[in-house]
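Asks: Protein chains in written order, with the working numbering: chain X, 613 to 701; chain C, 613 to 701; chain H, -12 to 538; chain Y, -3 to 218. Yeah, the Cβ is synthetic: ideal placement off N, Cα and C, and Gly gets one too.
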Amino acid sequence: MYRVELIVINKDGVRDPEGETLKRYVLDPEVPNRISSARVGKFIELLVDASSKEEAERLVAKLAEEKRLYNPIVHKIRVRAERLEDGSS
Amino acid sequence: MYRVELIVINKDGVRDPEGETLKRYVLDPEVPNRISSARVGKFIELLVDASSKEEAERLVAKLAEEKRLYNPIVHKIRVRAERLEDGSS
Amino acid sequence: MMLTLSQREMEVVRRVLNREPNEAEWKLVDALWSEHCSYKSSKVFLRSLPSTGPNVVMSVEDWQDAGAVDVGDGWALVLKVESHNHPSAIDPFNGAATGVGGILRDIISKGARPIALLDMIRVGRLDQKGKWLVKNIISGIGFYGNSVGVPVVGGELSFDETYNDNPLVDVACVGVVKKDSIVPSVVKESGLKLVLVGFTGLDGLGGASFASRKLSGLDEIGAVQIADPFAGKVIIDLTLEVAKDVSAIKDLGGGGLAVAVTEMANGLGAVVNLEKVPLRYRDLLPEEIIISETQERMLFAVKPEKVEAVCSKFQELNYPCAEIGEISTEPTIRFLYKGETVAQLPSDLLLNPPLVVWPAERKERSNSDSRPVELKEAIVRVMTHPDLVSKEWAYSQFDYEVGTSTVVKPGDGDSAVVELPNGRLLALKGDANQDLCSEDSYECGKAIVAETYRNLATVGARGIALVDHLQFGDPRKPEVYHDFIEAVRGISEASKFFSIPVVGGKVSFHNEDKEGNPIKPTPLVVMAGLVEGKLGKGKPQEGSLVLLGLT
Amino acid sequence: MRTAVLKFPGTTCEIDVAKALKKVGAEVEVVQFNKFDPDRYGGVVIPGGFSFGDYIRAGTIAANSEAMKRVKDMADEGKLVLGICNGFQILVESNILKGALLPNLNLRFITRWVRVKVRRRDTQFTKDSKETLFMPIAHMEGRYFLDDEELASRLSLFQYVDESGLPTPEANPNGSILNIAGISNDAGNVVGLMPHPERASFSTISPDGSTDGLEILKVFGK
Ligand SMILES: Nc1ncnc2c1ncn2[C@@H]1O[C@H](COP(=O)(O)OP(=O)(O)O)[C@@H](O)[C@H]1O
C-alpha cells in the first residue's frame, strides 16, 4: 500500500489570489520581510494499491491527467508516493 | 531561505465529503479496488527566511495557529520545510 | 458514559421498567429526554401559543415538526425555523452550513419543495475571533444554500457583546406542497418497513467513549459535523421524487435514529436491525449507530411492496438506501444487532419524559448606564454601528436569484418577497431584539411580533403564519426562566391579537458565555404573509415623508 | 427545437432554464445525465448549479461523465450547445470550450446583476441580439483565463461592461481576462457564459423589468 500525495497548484505566471491575499493581509503584517512568497493549492491524498513506488506515482499521475484532476492550462502537479509499513503489498 | 509546505486536512475521524465524492464518482469507477481512501485538503507553500529548518517549521506552525489558517477542532496540519540551495541564509 | 439525565429522571426510568437499563438503553432515554428533543422545560408554556386558525392545514403536533398553512389554489406553505448555535461557535463554517441542511430536511420531510431561506445571525465583538466567526458563518450558509439551489432571500446580521462566546445562527425555510400531498412524520399502521438513506458515521457522537477508545485526546471530534451539500441536494431531489410512494418521512437530526424511529412510531412500536444500517466506518458499535447524528440521512416508512421502488432511485445515484426494520403493533422500540437485543424500551416511556417547571424570578433591572449624549455623537454612533451598515458583502455571497421567483431581493426592502407557484406573492421576515428583551421580555415578545408584521406591511403583505425560536441561557436559572416564560406570554398575546397562528417553533437553552453568564434573552420570530393588492417595491421617486405614531 | 436540459446530481437551475425556454417556444425536456440520448435533440443546455458538489473544481466531475462525451458529439455535429454558469464550467473542464474558470479574484461567491456587451455576431445565439444585455451572475469560480490572449479575444462573445458600454476594470466582477463573461467556439454553435439568461427572462424579478436573457435563449424556439 502506498500513500500518494497529489498537489495541484497554479503554474508560475497564473495569478494566485488566495496566496496573494494570505501574504498581503495575514503574513506580511505579522512577520514583515520574513516570507517572500505564498502559494495556495489543493492537496489530494490517496491510499493506492501498487507494486512499487513508481507504479503508484504513475497511476496517480495518469488518473490526474485523464480525469482532469488538474487543468493543464493553469495548473501544475506534483506527485509523491511513500510506502506504508503495514501495507499489504 | 526555506520552502515550507503547510498542509491542512481534516482530522482522522472527521469526514471529508470532497474526498468521498472523488473516490465514489471518479476513482472507483475508473480503477476499482485500487484506491482505498481519498482525502482532500489545502496546500500552502511559503518561502521563508529562517536560520534553520526547525526555525522555519516552527514559524509556520505558529502562524498557522495564531492566524487561524486552520481550525484545530476540525483540521490537522503537517509542516515540512526544505532548504533551498540558492537561499540567502 | 456521559448522560444529561438528572437523578430524578433516572429514578423514573428504573421505576417504570422495574429494572436497571443497560448502557444503550440509557443513551436512548438520554437522547429522547434531552431538552432539545423533548421540550421538557418549555412544553407547558408553549401550549399557550395560538396554533390553530382557519388557514392552518397542519398544526404542530407536540412541537416536533413544521406546520403548514393554506396559500390558495390547493397549495400549502410549510414553515420552520431552527438554530445551530453551539456547533457554529466551534466550527462556524460547518456549523452554519449544517444548520441550513437541517432546516431544509425538516421542510422536505413534509414532502414540500423548499423555495426560500432566511438567516438571522448574531455575533459578538468584531475582534479577530468575531470576524472569523461572521466570515465563516456567512460563507457556510452560502456554501450550503447555494449548492442546493434554495435562495437565501433575507435575514439579519447583528452585533452585541453578549454573543462573544455564543453566536446565534438561526435559519428559517419555507416550502410549498399541494395540500393533499403533505406527508406525515408519524405512522398510523404497523407492518410498514423502515427505510434509511445515507451513510451513518461518527458525527455528533458524544465523543467521550469513542474518542478514548480510538482517537485518544480528540474529544471534540464526534461533536463536529461536516457539511456535505452535494449529498444534501441528492437527498432533497430524491426525497421529493419518492414522497408519493412513502407513508411517513422523518429527517435524522438530534438524537439520530433513536429519536427518528421512536417519534415516527408515535406510540406504536418498531424493530430495527442495526447491522443493516449502511455505515461510513465499519467499526461503529451498535449503540453508537443508534445515536449517531450524521447529516444528510432520511428515514421513510414504506409499504413493503414499495421498498424496491424507493431504494432503486437512490441506488441509481450511488446513494445508500436500506430497509432496516419495521413498525410493529407491540408498543416497544427494539434495536437488534444480528438478532441480539441491544435496547428494548416501551414507546410510552421514551415519548413521555417527566415535564419540569423551574423556579422563575424577575431580575432586578438597573438603568444605571444611561447618560446624557450629544445628539451629534448619538447620530454618528447609530449610523456607524455595524448593525446598520450595508449588509451587501454578506448577502451578495448568497445566490438569492436561483428559483427565478425572488421579487424583492435582499437590500431592496424590509421584507423579502418571493413568488409562489400559484402566482401569489409571499413576504418573509425574521426579527429579534435582544436589548429590549433584556429590559422586559414580555413587552419584547409582543414587540418583535409587531415589528415583523410592520416589516411585512411595508411591502403590502398581511401576515398568515409565524414560527418562533426561543433562545435563552440555562433554564435552571430563575431569571433566565422568568424571561423565557414572559417572552412566550408576549409572543402568544401578540399573535392572538393579530390572529396569526404560530405553526412551529424551537427552543434553544444553555446559550451562555465562558463564565456561564446567559446571553441576553433572544426570542426571534419569522413571519410569512401574502401580498394583498399592489406590491410595495422600489425606491420612491417623490412624495412627502409621513411619520405615523407617537415618538 | 427539441431541447434537452441536462441535469447532473447537484444541478440547481434546470427548472428555471426549462421555464425560460418554454417562454421562447422551445420543446423542452429535463434529462438526467445518465439517461441522455443526444439523437433525440437539436440542442442541449447545461444549466447552472453545483454538479457533484463542484468538488475538486467546479464542473470537473461532471466533465468526466459519459453524458459529456455525447455533448461533445453534438457539438461536433454542429448542434446547439449552451452552458450557463456551472454549464460553462463543465464545457471548459470537458475541453469542449477552451480555457479555465478560476476562483473569483475576491475569493468570494458573488451574486450581482451585470451588463455584458455582445462582441460577435457570427453565432446563432447572438446574430440578431441586442447590443448589451442585463443579466445576473452568481458564482464562486467565474474568472475566465486562457494563456493565449489573442485566442481569448477571438473566442470572446460576451464582455462585462459598465453603464456606458466600456469594459472597465470596475465592471469586471471576478477578474476575467479581457472582461470575458462568455465565449463561443469558432463555429459559433457552442456557447458558454457565466451570467444567467434564464434569470433575466421574467420581468417580475428583473430590477428594471427587462428580459434580455431571452435574446440568447430564443434560438431554441426556432
Ligand atoms: N444575514 C443575512 N442574510 C441575508 N440577508 C441579510 C442578512 N442580513 C441582512 N440581510 C438583508 O440586508 C438588508 C438590510 O438588512 P438590515 O440592515 O438588517 O435591515 P433592517 O434593519 O430593515 O432589518 C435586508 O434586505 C436583509 O434581509
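Determine, using beta-carbon pairs with one atom in the region 643 to 650 of chain C and one in the region 627 to 635 of chain C, whether at least three such pairs fall under 8 angstroms.
Replies: Yes, the region 643 to 650 of chain C is in contact with the region 627 to 635 of chain C.
Asks: Leaving out five residues on either side along the sequence, give the residues of the same chain with a beta carbon under 7 angstroms from the beta carbon of L671 of chain C.
Replies: Once the five neighbours on either side are set aside, the close Cβ partners of L671 of chain C are V660, A662.
Asks: Helix, strand or coil: how does DSSP classify N622 of chain X here?
Replies: Of the three classes helix, strand and coil, the one that applies to N622 of chain X here is strand, per DSSP.
Asks: Can you tell me where the beta strand (DSSP E) with K433 of chain H in it begins and where it stops?
Replies: Note, K433 of chain H: premise wrong, no beta strand (DSSP E); alpha helix (DSSP H) at 428 to 444.
Asks: Going by DSSP, what residue range makes up the beta strand (DSSP E) through Y140 of chain Y?
Replies: Unbroken beta strand (DSSP E) run through Y140 of chain Y: 139 to 141.
Asks: Nearest to G89 of chain H by CA position, among H:K433, H:S21, H:Q212, is which residue?
Replies: Out of H:K433, H:S21, H:Q212, H:Q212 has the C-alpha closest to the C-alpha of G89 of chain H.
Asks: To the nearest angstrom, how far is it from the Cα of V221 of chain H to the Cα of A296 of chain H?
Replies: One C-alpha to the other measures close to 16 angstroms.
Asks: Counting only Cβ pairs nearer than 9 angstroms, list the residues of chain C close to L189 of chain H.
Replies: Under the 9 angstroms cutoff, chain C gives G625, V626, R627.
Asks: Let me see if you follow: with CB-CB separation under 8 angstroms, is D640 of chain X close to chain C or not?
Replies: No, no contact with chain C.
Asks: Starting from H135 of chain Y, trace the beta strand (DSSP E) both ways and give me its first and last residue.
Replies: Here the beta strand (DSSP E) through H135 of chain Y covers 128 to 135.
Asks: How many Å lie between N253 of chain H and K416 of chain H at the Cα?
Replies: Cα-Cα distance, rounded: 33 angstroms.
Asks: How long is the line joining the alpha carbons of T316 of chain H and K18 of chain Y, rounded to whole angstroms?
Replies: Those two C-alpha atoms are separated by around 51 angstroms.
Asks: Taking a contact to mean a Cβ-Cβ separation below 8 angstroms, would you say N81 of chain H touches G132 of chain H in this structure?
Replies: Not a contact, by the Cβ cut-off of 8 angstroms.
Asks: With three or more beta-carbon pairs closer than 8 angstroms as the criterion, would you say the region 498 to 514 of chain H touches the region 452 to 460 of chain H?
Replies: Yes: the two stretches touch, three or more of their Cβ pairs being nearer than 8 angstroms.
Asks: Let me know the beta strand (DSSP E) ranges lying completely inside the region 655 to 699 of chain X, each 3 residues or longer, listed in chain order.
Replies: Runs of the beta strand (DSSP E) inside the region 655 to 699 of chain X: 687 to 695.
Asks: Let me know the secondary structure DSSP gives C308 of chain H once reduced to three states.
Replies: Strand, per DSSP.
Asks: Can you tell me whether D78 of chain H is helix, strand or coil according to DSSP?
Replies: Three-state DSSP puts D78 of chain H in coil, outside helix and strand.
Asks: Could you give the DSSP three-state label for T220 of chain Y: helix, strand or coil?
Replies: Past the boundaries of the shown model lies residue 220 of chain Y; chain Y is included only from -3 to 218, so the question cannot be answered.
Asks: Does Q(-6) of chain H pass the burial test, meaning 16 or more other C-beta atoms within 10 Å, or should it be called exposed?
Replies: Exposed: under 16 other Cβ atoms inside 10 Å.
Asks: Restricting to Cα atoms, I'd like to know which of Y:G138, Y:V114, Y:L98, Y:V67 is closest to E31 of chain Y.
Replies: This sequence places Lys at residue 31 of chain Y; Glu is not what is there. The residue with the shortest Cα to Cα distance from K31 of chain Y is Y:V67.
Asks: Using three-state DSSP, classify F216 of chain Y as helix, strand or coil.
Replies: In the structure shown, F216 of chain Y sits in a helix (DSSP, three-state: H, G or I).
Asks: Chain X partners of L696 of chain C, CB-CB under 9 angstroms?
Replies: Residues of chain X passing the Cβ test: none, with the nearest at roughly 11 angstroms.
Asks: Does the beta carbon of A539 of chain H sit closer than 8 angstroms to a beta carbon anywhere in chain C?
Replies: Lying before the first or after the last residue shown, residue 539 of chain H is absent from chain H, which here runs from -12 to 538.
Asks: Starting from F154 of chain Y, follow the beta strand (DSSP E) in both directions and report where the run begins and ends.
Replies: Element bounds for F154 of chain Y: 152 to 157.
Asks: Assess contact between the region 488 to 495 of chain H and the region 97 to 108 of chain H, defined as three or more Cβ pairs (one per stretch) separated by less than 8 angstroms. Is contact present?
Replies: Short answer: they don't touch.
Asks: Quick check on this structure: which residue in H:W62, H:S28, H:L36 has the alpha carbon closest to the alpha carbon of V44 of chain H?
Replies: The residue with the shortest Cα to Cα distance from V44 of chain H is H:W62.
Asks: Using alpha carbons as the reference points, say which of Y:A183, Y:V24, Y:G45 lies closest to K123 of chain Y.
Replies: Answer by Cα proximity: Y:A183.
Asks: What span of residues does the alpha helix (DSSP H) with P333 of chain H cover, start to end?
Replies: P333 of chain H -> not in any alpha helix (DSSP H); beta strand (DSSP E) instead, spanning 327 to 333.
Asks: If contact means a Cβ-Cβ distance below 7 angstroms, which residues of the region 6 to 27 of chain Y contact chain H?
Replies: Flagged, chain order: G6, T8, C9, D12, K15.
Asks: Would you please verify whether the beta carbon of E364 of chain H is less than 8 angstroms from any beta carbon of chain Y?
Replies: E364 of chain H does not count as touching chain Y.
Asks: Do K501 of chain H and D147 of chain H come within 8 angstroms of each other at the CB atom, strictly closer than that value?
Replies: No, the pair does not count as a contact, with Cβ atoms beyond the cut-off.
Asks: Tell me, to the nearest whole angstrom, how far the beta carbon of A257 of chain H is from that of L181 of chain H; I am working on the premise that it is less than 8 angstroms.
Replies: About 7 angstroms; that satisfies the 8 angstroms criterion.
Asks: Please go through the region 49 to 132 of chain Y and give each complete beta strand (DSSP E) segment of 3 or more residues, from N-terminal end onward.
Replies: Runs of the beta strand (DSSP E) inside the region 49 to 132 of chain Y: 76 to 80, 96 to 98, 106 to 114.
Asks: Using Cβ-Cβ distances below 8 angstroms, what residues of the region 661 to 691 of chain X are close to chain Y?
Replies: Of all residues in the region 661 to 691 of chain X, K679, R680, L681, N683, I685, V686 have a Cβ within less than 8 angstroms of some Cβ in chain Y.
Asks: CA-CA distance, G503 of chain H and L255 of chain H?
Replies: Those two C-alpha atoms are separated by around 41 angstroms.
Asks: Starting from H456 of chain H and walking both ways along the beta strand (DSSP E), at which residues does that stretch end?
Replies: Per DSSP, H456 of chain H belongs to the beta strand (DSSP E) from 448 to 458.
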